[in-house]
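This report refers to the structure that appears directly beneath it.
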Ligand code: SAM
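In this note's numbering, the protein residues as written are 43 to 279.
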């Protein structure tokens, strides 16, 4: 399958692996930052362990393109299940804090950080690791060492990329950020290079896990204060 599908599959497998344990619903609340056309959210909708799925993107237009695919299917009404799922899409930036992002088990950032200017990336660290502070954060980004194998003629893989990091640049950033916010990080990736080419994966991935269990109690006042993201769609089944 194409790499973008492998990335979504990777997340789906991670979610299944961390299925709610009896006492600890680990992957019940998931947010996808920079969710674009909501493809990952659409795939995750079929994971029965998920109770809340949230998407955030700065671009309302790209989010609206396929938003309808998240709506319940006629069959969902014919066969009502015990399970309830809430899907909410917000328009907003990862550089600003909104209390609606508190209390998540897992936050995914797939091919997002390379689209952020340096000052926005700094804010991102503070907002995602420091404020949202979910149990697990997954960040994927291109590995520039793989670029010569892609035969691209431009500097970066995509004109909107602000940077593309090699393995040590990504790992240094990830380790420093993890240390600053009390997370551990493990590295993996997708897209294996041909034999003999020691360039690493095409897509590099950091899986961050918070070191301490945090009891995020979202107070009523927090819930309704300082809302900055705009709600685009809210589906509850
Ligand atoms: N995660 C999706 C995927 O893997 O298919 C799409 C990644 S797309 C390459 C990057 C997305 O990040 C775009 O949809 C863009 O609008 C969004 N984005 C860029 N800057 C952002 C910001 N500051 N806050 C939230 N989203 C942002």
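Quick reminder that beta carbons are idealized off the backbone N, C-alpha and C, glycines included.
Quick one: Cα of residue i to Cα of residue j, how far?
i	j	result
residue 65	residue 189	Its pLDDT being 43, under 50, residue 65 is placed unreliably by the model, and the measurement read from it follows with that caveat. Near 45 Å, if we compare the C-alpha coordinates of residue 189 and residue 65.
residue 126	residue 93	6 Å
residue 273	residue 145	18 Å
residue 348	residue 219	Since the first residue of the chain shown is 43 and the last is 279, residue 348 is not available in this structure.
residue 270	residue 141	9 Å
residue 221	residue 213	12 Å
residue 180	residue 117	32 Å
residue 139	residue 175	11 Å
residue 234	residue 199	17 Å
residue 256	residue 217	21 Å
residue 82	residue 143	18 Å
residue 162	residue 204	11 Å
residue 44	residue 191	16 Å
The ligand SAM and residue i: does any heavy atom of the ligand fall closer than 7 Å to the residue's C-beta?
i	result
residue 136	yes
residue 81	yes
residue 231	no
residue 160	no
residue 76	yes
residue 195	no
Going by the beta-carbon positions, is the gap between residue i and residue j smaller than 8 Å?
i	j	result
residue 73	residue 149	yes
residue 105	residue 77	yes
residue 187	residue 242	yes
residue 245	residue 49	yes
residue 136	residue 166	yes
residue 128	residue 84	no
residue 56	residue 154	no
Please tell me whether, using a cut-off of 7 Å, the distance from the CB of residue i to the nearest non-hydrogen atom of the ligand ATP is below it.
i	result
residue 170	Inclusion of the ligand ATP in the displayed structure is not the case, the ligand content consisting of the ligand SAM alone.
_Any 3 or more C-beta pairs closer than 8 Å across the segment 90 to 100 and the segment 169 to 177_ = The segment 90 to 100 makes no contact with the segment 169 to 177; the number of CB pairs closer than 8 Å stays below 3.
*Are the segment 244 to 251 and the segment 220 to 227 touching by the rule of at least three beta carbon pairs closer than 8 Å?*
yes
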